[in-house]
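Novice: Provided herewith is a single structure, encoded as structure tokens, for subsequent inquiry.
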Amino acid sequence: MRIRLDEKWMGMAVALAKRAGNSTRPNPRVGAVVVKNKKVVGEGFHRKAGDAHAEVEALRKAGVKAKGADLYVTLEPCSTHGRTPPCTDRIVASEIRKV
164 MRIRLDEKWM GMAVALAKRA GNSTRPNPRV GAVVVKNKKV VGEGFHRKAG DAHAEVEALR
224 KAGVKAKGAD LYVTLEPCST HGRTPPCTDR IVASEIRKV
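So, in structure tokens, the structure goes:
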């Protein structure tokens, strides 16, 4: 059962990533879904280079509901400073249970 739910949430993240089209170049398309108690509490996708990454957008939408939730993301969250701060910092601060 858990595997099916994981596949469902990852499928949603993939669908979100596709919404970006080619606007993220040179960066990859990325989607993210925050799930708590089997319900989506936040979702997002990387819209264009230099904008907030998918994880940050999803966590913003989830707000305090992100605490103890699971984050499904189509690419390993960034951990370095670039045009945007590291997504890993935001994930840790949000107290996500599992990535």
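Going by our numbering, the sequence shown opens with residue 164, and the numbers climb by one from there. Ideal Cβ placement from N, Cα and C applies to all residues, glycine included.
1. What did DSSP end up calling V203 once you bin it into helix, strand or coil?
2. Closest to A256 by C-alpha separation, out of T243, E239, G226, would be which residue?
3. So L234 packs on V262, CB below 8 Å; how close in whole Å?
4. May I have the straight-line CA-CA distance separating V198 from A178, to the nearest angstrom?
5. What residue ranges within the segment 185-236 form continuous beta strand (DSSP E) runs of no fewer than 3 residues, ordered along the chain?
6. How many whole angstroms separate the CB atoms of A217 and V236, which I take to be in contact at a CB cut-off of 8 Å?
7. Taking C-beta to C-beta, are S242 and K211 nearer than 8 Å?
8. So A229 packs on E258, CB below 8 Å; how close in whole Å?
Specialist: On the basis of the supplied data:
1. strand
2. G226
3. 5 Å
4. 16 Å
5. 194-199, 202-208, 233-236
6. 6 Å
7. no
8. 7 Å
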